[in-house]
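Start counting the sequence shown at 388; every next residue gets the next number (the working numbering). For glycine and all other residues, C-beta sits at the position ideal for the given N, C-alpha and C. Because the structure is a prediction, the values reported are computed rather than measured. Okay, structure first, notes after.
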Amino acid sequence: GKTLVATLPMYLNALSGNGVHLVTVNDYLAKRDSAWMAPIFQFHGLTVDCIDHHQPNSEARKKAYNADITYGTNNEFGFDYLRDNMAHSPNDLVQRPHHYAIVDEVDSVLVDDARTPLIISGPIPQGERHEFNELKPKVDDIVAVQRKYLTGVLAEAKKLIAAGDTKEGGFQLLRVYRGMPKNKALIKFLSEEGVKQLLQKTENYYMQDNNREMPKVDAELYYVIEEKNNQIELSDKGVE
Numbered sequence: 388g389k390t391l392v393a394t395l396p397m398y399l400n401a402l403s404g405n406g407v408h409l410v411t412v413n414d415y416l417a418k419r420d421s422a423w424m425a426p427i428f429q430f431h432g433l434t435v436d437c438i439d440h441h442q443p444n445s446e447a448r449k450k451a452y453n454a455d456i457t458y459g460t461n462n463e464f465g466f467d468y469l470r471d472n473m474a475h476s477p478n479d480l481v482q483r484p485h486h487y488a489i490v491d492e493v494d495s496v497l498v499d500d501a502r503t504p505l506i507i508s509g510p511i512p513q514g515e516r517h518e519f520n521e522l523k524p525k526v527d528d529i530v531a532v533q534r535k536y537l538t539g540v541l542a543e544a545k546k547l548i549a550a551g552d553t554k555e556g557g558f559q560l561l562r563v564y565r566g567m568p569k570n571k572a573l574i575k576f577l578s579e580e581g582v583k584q585l586l587q588k589t590e591n592y593y594m595q596d597n598n599r600e601m602p603k604v605d606a607e608l609y610y611v612i613e614e615k616n617n618q619i620e621l622s623d624k625g626v627e
């Protein structure tokens, strides 16, 4: 009886042209009810289709959703919704905006079947491609270039500090620390009297006002190592 009675609200809400869904528990009922009730709707000028007749992501299924009345199982409606949320462009969507739905066997759909979550998975495009092997030589090149550059900067910082130019020397020292904080020569130099304190004073200066001046320090670096946060961030120069 309810299969026939459901045609009344379905017909009424389909008149707006926004589509009506009839959700049921299995494909047998979806296909059977759509075939049985189709003559009623078609007599009144409405189109009817069942998504379970068509393959996912197909044009036929998209056309089924564009019918005035669409029958289908709860799982297929749910998976189509998930796939649409993973689509890369509007043209890949199969469902149109939701308007009105009637749930047949509501206890089974919303209670029994709801205990099993809908999980969507599939093969990863180019899953066999290992980007590590492609990127490693490029990373090694950047590391080597920065290490060579900062080795010279460290030597210059030592000369400036020894000559009493703590402002420029501290700036160069901070640049080295930002680019290779674990460098042995740097660590050894920081163990000398007053050098670590100079680094901290310089760092505090460039970190004030939410790191406003820090880009000046990082300008010549390809990447910055945030030792406290254990993070590495490519600079604009490194990205180029």
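Backbone secondary structure at residue i - three-state DSSP
i, result
"H408", "strand"
"Q482", "coil"
"L391", "helix"
Straight-line gap, residue i to residue j (C-alpha atoms, nearest Å)
i, j, result
"D479", "H441", "16 Å"
"V331", "A451", "With the chain running from 388 to 627 in the structure shown, residue 331 is simply not present."
"I548", "P524", "36 Å"
"D499", "G404", "32 Å"
"V563", "T553", "15 Å"
"N617", "F466", "39 Å"
"G556", "N598", "19 Å"
"H431", "L399", "11 Å"
"F428", "V490", "18 Å"
"A417", "Y458", "6 Å"
"K545", "H517", "43 Å"
"D596", "E620", "20 Å"
"K637", "V496", "Outside the shown range of the chain, which is 388 to 627, sits residue 637, and nothing can be said about it."
"A474", "N444", "10 Å"
"D436", "A454", "6 Å"
"V369", "H485", "Here the chain has residues from 388 to 627 only, and residue 369 is not among them."
"V530", "Y536", "10 Å"
"A401", "D494", "25 Å"
"E579", "K615", "22 Å"
Close beta carbons around residue i, own chain, < 8 Å, minus the five adjacent residues each side
i, result
"L561", "L586, T589, E590, Y593 and V604"
Residues that DSSP places opposite residue i in a beta bridge
i, result
"I506", "DSSP output for I506 lists no bridge partner at all."
"G581", "Looking at the DSSP assignment, G581 forms no beta bridge with any residue, so it has no partner."
"V490", "V410"
"G459", "V410"
Other residues of its chain near residue i: CB distance less than 7 Å, five sequence neighbours each side excluded
i, result
"E492", "T411 and V412"
"K583", "L577"
"I507", "F466, L469 and R470"
"D414", "D439 and T460"
"Q559", "V540, E543, A544 and L547"
Neighbourhood of residue i by C-beta distance below 6 Å, restricted to the same chain and skipping five residues each side
i, result
"Q533", "G566 and Y609"
"M397", "V407 and I456"
Every unbroken alpha helix (DSSP H) inside the segment 537-574 [4 residues or more]: 553-566
Length at least 4, wholly inside the segment 583-624: the alpha helix (DSSP H) runs in chain order: 601-605
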